[in-house]
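Visitor:
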Amino acid sequence: MTAPELMAVLGPRLSNTKLIVVANREPYIHLKQTRPGRRGLLSFLGRRGPQTSMSWMRPASGLVTALDPVMRACGGTWIAHGSGSGDRDVVDARGRVAVPPDKPSYTLRRVWLTPEEEEGYYYGLSNNALWPLCHIAYARPEFDERDWKQYVRVNQRFADTVIDEIGSSRAIVFVQDYHFALLPQLVKQVRPDTIVCQFWHIPWPNSEAFRICPWGDQILDGLLGNDLLGFHIQYHCNNFFDTVDEGLEARIDREHFAVVRRGHRTYVKPFPISIDPEPWSKLPKKTTWEADIRQTRERLGVGKAKLIFGVDRLDYTKGIPERIKAFERMLEHHPAWRGRVTMLQVGAPSREHLQRYQSISDDVDLAVGAINERFGTVGWKPVIYLRQHHGPEDVAALYRAADVCVVSSLHDGMNLVAKEFIASRADLGGVLVLSRFTGAARDLREALDVNPFAVDEFAAVLHEALSMPIADQERRMRGLRLRVEEHTIYDWAANVIQAAWRMSEAAA
Ligand code: F6P
């Protein structure tokens with residue numbers, strides 16, 4: 001489905017119903033830069049005081065990549081934490097600004113958080129407790145009562161903003177992710193007439209793992225305020241049913257994929273998320289495929305070497321040190337590749353305030369340093385590591401230049417890098433190496449499957465990927481592209497929103 005097709009499907013419904021998305025991360029961040037004024041005669045004459053300029057950026061976030069095109073197509077309001085240094089300067093009195101800044105098509109409403117709220121709700125409860133609780137990456141969740149209090153408080157503040165935004169309208173509220181487990185119930189209590197649905201972008205663990213959470217019952221209760229709750233895959237839905245079954249007084253209606261608690265029915269279903277493949281498949285104007293790749297390779301200075309590419313947020317769930325170690329092992333086992341292949345790793349700094357994220361950044365530095373020290377020569381650097389956020393155009397050029405793209409998450413709800421790589425390869429070239437612990441692996445069967453925890457196996461898969469004949473690459477890529485083209489982010493959005501509508505009508 002394309003954006004216009006999505007509008008054709010949802011348009012009639014949305015003509016009298018407001019679409020409100022709630023997500024912690026905002027789709028556009030405004031940044032303010034102040035340059036000091038000139039000293040001397042000119043400043044004395046008042047000509048050059050400090051200069052302030054405003055710019056904006058899109059954050060590194062799968063959620064934003066997925067939802068921004070939907071909002072552009074449907075219009076509506078996106079409520080998010082205003083985190084940019086220039087965010088307050090561009091909004092109206094209610095914290096609203098039209099976005100995208102260069103081509104406005106929907107409204108962003110910013111919620112301001114105090115440093116204490118951000119610390120407890122975002123860094124603490126969301127990312128130091130729920131994130132490691134839901135991802136099986138063997139990082140222990142940290143449960144702190146102070147963080148929980150801020151989480152409760154911020155969920156209430158966002159719920160109040162949603163209620164204010166609904167006003168006297170009919171509305172459908174589409175909540176995103178683990179930052180807002182309590183919000184659905186809070187909104188539903190005040191506005192039972194509103195359709196509330198939520199998508200949980202990360203895995204849901206098995207009930208045994210979830211039981212260690214001290215506020216598990218409140219979290220489940222909050223989520224059961226939804227009319228519809230979506231996960232990427234059926235397995236996470238089953239885990240959720242088991243968790244409710246063991247934790248709460250509720251009836252599980254497995255036949256209809258629903259939980260009934262205090263008379264309210266919440267449907268729980270899988271909705272595998274995707275991307276809009278169209279912009280990824282476009283080459284920049286005035287260039288050819290070959291020229292584009294030549295330029296990218298020249299810029300990287302990789303000569304004729306094969307290119308293995310990875311791009312991730314710097315997160316311990318993404319398996320970045322594991323992939324560098326597997327590459328090192330491959331160079332050990334297959335010395336013929338030395339000098340003939342380069343790994344390029346792009347790492348976007350993320351949640352840097354947390355110790356665990358500082359450690360993963362250090363671990364990647366160490367792994368890169370070790371392999372380059374061990375195998376590097378005057379003319380060849382085995383791993384090029386770019387520790388910075390790259391925009392979609394730059395990433396697309398790197399996807400096109402890559403011989404192999406590696407996604408080696410230890411655990412991942414879906415993983416959209418895999419889908420972006422596929423969408424970028426209109427030439428049918430390139431091999432996708434994909435961790436079996438991603439939601440994406442359930443669908444993308446033609447990728448080379450890998451267990452990132454098994455270093456020798458991983459090294460062998462890298463060797464297989466680098467050695468794959470072109471005809472085989474094309475056969476696999478054709479199959480992968482079919483899957484990404486036939487199920488886009490617009491199909492995902494249409495499926496979730498229509499299902500929420502149908503189910504709330506059935507319940508009425
Ligand atoms: O995977 C969950 C998720 O919320 C994604 O949707 C998003 O890409 C990522 O985490 C970004 O995290 P943050 O907003 O904390 O930078």
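Take the sequence shown: its letter number 281 is residue 281 in our numbering, and every next letter is one higher.
Beta carbons are placed, not taken as given, at the ideal position from N, Cα and C, and that holds for glycine.
None of the values given here were measured: they were computed from a predicted structure.
On the three-state DSSP scale, how would you describe M330?
Guide: Your numbering for residue 330 matches position 330 in the sequence shown. M330: helix per DSSP, three-state reduction.
Visitor: Closest by CA to R140, which one among Q355, V90, R262 and C74?
Guide: Taking the first residue of the sequence shown as 1, we reach residue 140 at position 140. Looking at the Cα atoms, Q355 is the closest of the given residues.
Visitor: Are V407 and A396 touching if we call contact CB-CB under 7 angstroms?
Guide: For the purposes of this step, residue 407 is identified with residue 407 of the sequence shown, where counting begins at 1. For the purposes of this step, residue 396 is identified with residue 396 of the sequence shown, where counting begins at 1. Taking 7 angstroms as the Cβ cut-off, V407 and A396 do not qualify as a contacting pair.
Visitor: Using the DSSP secondary-structure output, state which residues sit across from I219 in a beta bridge.
Guide: In the sequence shown, the residue the question calls residue 219 occupies position 219. None; I219 has no bridge partner.
Visitor: For G376, which option in R110, T342, D472 and Y357 has the closest C-alpha, if you only look at C-alpha atoms?
Guide: By 1-based counting over the sequence shown, the position of residue 376 is 376. It is T342.
Visitor: Roughly how many angstroms lie between the CA atoms of P469 and A401, to the nearest whole one?
Guide: Position 469 of the sequence shown, counting from 1, holds the residue named residue 469. Position 401 of the sequence shown, counting from 1, holds the residue named residue 401. Computed Cα separation, rounded: 17 angstroms.
Visitor: Rounded to the nearest angstrom, how far is the Cβ of C74 from that of L125, given a contact under 8 angstroms?
Guide: Numbered from its first residue, the sequence shown carries residue 74 at position 74. Numbered from its first residue, the sequence shown carries residue 125 at position 125. Between L125 and C74 the Cβ distance is about 30 angstroms, and since that is not below 8 angstroms, they are no contact.
Visitor: Rounded to a whole number of angstroms, what is the C-alpha to C-alpha distance between T2 and R425?
Guide: Taking the sequence shown and counting its residues from 1, one reaches residue 2 at position 2. Taking the sequence shown and counting its residues from 1, one reaches residue 425 at position 425. Cα to Cα, T2 sits roughly 19 angstroms from R425.
Visitor: So within the region 224–253, which uninterrupted alpha helix (DSSP H) runs reach at least 4 residues, ignoring any that extend past its ends?
Guide: The region 224–253 contains these whole alpha helix (DSSP H) runs: 234–247.
Visitor: Which residue spans inside the region 321–390 form an unbroken alpha helix (DSSP H) run of at least 4?
Guide: As far as the region 321–390 is concerned, its whole alpha helix (DSSP H) runs of at least 4 residues are 355–375.
Visitor: Which residue marks the beginning of the beta strand (DSSP E) containing M7, and which one marks its end?
Guide: To locate residue 7, count along the sequence shown from 1; it is residue 7. Note, M7: premise wrong, no beta strand (DSSP E); alpha helix (DSSP H) at A3 to L14.
Visitor: CA-CA distance, V455 and I371?
Guide: Reading the sequence shown from its first residue, position 455 is the one you call residue 455. Reading the sequence shown from its first residue, position 371 is the one you call residue 371. Each residue's Cα considered, the two are about 15 angstroms apart.
Visitor: Assuming W112 and A23 make a contact with CB atoms under 8 angstroms, what is their CB distance in whole Å?
Guide: If you number the sequence shown from 1, residue 112 lands on position 112. If you number the sequence shown from 1, residue 23 lands on position 23. Wrong, their Cβ atoms sit about 16 angstroms apart, outside the cutoff.
Visitor: Identify which residue in G310, L386 and Q498 has its Cα closest to the Cα of L462.
Guide: Walking along the sequence shown from the start, residue 462 turns up at place 462. Of the listed residues, the one whose Cα sits closest to L462 is G310.
Visitor: Please classify V190: is it buried, with 16 or more other beta-carbons within 10 angstroms of its beta-carbon, or exposed?
Guide: Reading the sequence shown from its first residue, position 190 is the one you call residue 190. Exposed, by the Cβ-count rule.
Visitor: Select from E298, R481, L331 and H201 the residue whose C-alpha is nearest the C-alpha of C134.
Guide: Along the sequence shown, read from residue 1 onward, the residue named residue 134 stands at position 134. Considering only alpha carbons, the answer is H201.
Visitor: Spell out the partners DSSP gives A198 in its beta bridges.
Guide: For the purposes of this step, residue 198 is identified with residue 198 of the sequence shown, where counting begins at 1. Ala is not the amino acid found at residue 198; the sequence shown has Gln there. According to DSSP, which records beta bridges pairwise, Q198 is partnered with V175 and L229.
Visitor: Exposed or buried, what is E420 when buried is set at 16 or more other beta-carbons lying within 10 Å of its beta-carbon?
Guide: Within the sequence shown, numbered from 1, the residue matching residue 420 stands at position 420. With 16 or more other Cβ atoms within 10 Å, it is buried.
Visitor: Whether or not the region 470–484 and the region 430–443 are in contact is what I'm after, with contact meaning three or more pairs of Cβ atoms, one per stretch, closer than 8 angstroms; do they touch?
Guide: The region 430–443 is in contact with the region 470–484.
Visitor: Please tell me whether L223 and C197 are closer than 7 angstroms, where the distance is taken between their beta carbons.
Guide: Here residue 223 is taken as the residue at index 223 of the sequence shown, counted from 1. Here residue 197 is taken as the residue at index 197 of the sequence shown, counted from 1. Result no, Cβ atoms of L223 and C197 do not sit closer than 7 angstroms.
Visitor: Which whole runs of the beta strand (DSSP E) in the region 389–450 are 3 residues long or more, in chain order?
Guide: Listed in chain order, the complete beta strand (DSSP E) runs (minimum 3 residues) inside the region 389–450 are 404–407, 431–435 and 448–450.
Visitor: Given a cut-off of 7 angstroms on the beta-carbon distance, is the pair R512 and D443 in contact?
Guide: Within the shown structure, residues of the chain are numbered from 1 to 508, placing residue 512 beyond reach of any answer.
Visitor: Does the structure place the region 18–38 close enough to the region 86–97 that three or more beta carbon pairs sit under 8 angstroms?
Guide: With a cut-off of 8 angstroms, the region 18–38 and the region 86–97 count as touching, because enough Cβ pairs lie within range.
Visitor: Quick check: the region 153–161 against the region 174–194, are there 3 or more CB pairs under 8 angstroms?
Guide: At 8 angstroms Cβ cutoff, the stretches touch.
Visitor: Check D312 in the structure and name its three-state DSSP category.
Guide: To locate residue 312, count along the sequence shown from 1; it is residue 312. Strand, per DSSP.
Visitor: Check whether the Cβ atoms of L314 and S350 lie closer than 7 angstroms to each other.
Guide: Here residue 314 refers to the residue found at position 314 when the sequence shown is read from its first residue. Here residue 350 refers to the residue found at position 350 when the sequence shown is read from its first residue. Yes, Cβ-Cβ distance for L314 and S350 is below 7 angstroms.
Visitor: Beta carbon of G84: closer than 6 angstroms to some heavy atom of the ligand F6P?
Guide: Here residue 84 refers to the residue found at position 84 when the sequence shown is read from its first residue. No, Cβ of G84 sits at least 6 angstroms from all heavy atoms of the ligand F6P.
Visitor: Under 6 angstroms Cβ to Cβ from A440, same chain only, skipping five residues before and after it: list those, please.
Guide: Taking the first residue of the sequence shown as position 1, residue 440 is located at position 440. Cβ within range, chain order: M414, N415 and A418.
Visitor: Alpha carbon to alpha carbon, how far is Y123 from H353?
Guide: Mapped onto the sequence shown, residue 123 falls at position 123. Mapped onto the sequence shown, residue 353 falls at position 353. Going by the C-alpha atoms only, they are around 8 angstroms apart.
Visitor: Below 8 angstroms on the Cβ atoms is my guess for A101 versus W56; work out the distance and round it to an integer in Å.
Guide: Stepping through the sequence shown from its first residue, residue 101 is reached at position 101. Stepping through the sequence shown from its first residue, residue 56 is reached at position 56. At residue 101 the sequence reads Pro, which differs from the Ala that was named. With a Cβ gap of about 5 angstroms, P101 and W56 count as contacting.
Visitor: Along the chain, where does the beta strand (DSSP E) containing V111 start, and where does it finish?
Guide: One-based indexing of the sequence shown puts residue 111 at position 111. From DSSP, the beta strand (DSSP E) with V111 extends over Y106 to V111.
Visitor: Using the C-alpha atoms, what's the distance from Q218 back to T243?
Guide: Here residue 243 is taken as the residue at index 243 of the sequence shown, counted from 1. Here residue 218 is taken as the residue at index 218 of the sequence shown, counted from 1. Answer to the nearest angstrom: the Cα atoms are 13 angstroms apart.
Visitor: Taking the alpha-carbon positions, what's the H151 to Y178 distance?
Guide: Taking the sequence shown and counting its residues from 1, one reaches residue 151 at position 151. Taking the sequence shown and counting its residues from 1, one reaches residue 178 at position 178. For clarity, residue 151 is Tyr in the given sequence; the question names His instead. Near 11 angstroms, if we compare the C-alpha coordinates of Y178 and Y151.
Visitor: Around the C-beta of V129, are 16 or more other C-beta atoms found within 10 angstroms, so that it is buried, or is it exposed?
Guide: Within the sequence shown, the letter at position 129 stands for residue 129. In the sequence as presented, Val is not what sits at residue 129; that position holds Ala. Buried, because 16 or more other Cβ atoms sit within 10 Å of the Cβ of A129.
Visitor: One question on the structure: do F512 and G230 come within less than 7 angstroms of each other, judged by their Cβ atoms?
Guide: Because the chain spans 1 through 508 in this model, residue 512 falls outside it and cannot be assessed.
Visitor: I'd like the span of the beta strand (DSSP E) that includes L283, first residue to last.
Guide: Mapped onto the sequence shown, residue 283 falls at position 283. Looking at the DSSP string, L283 is not in any beta strand (DSSP E), and its letter there is neither H nor E.
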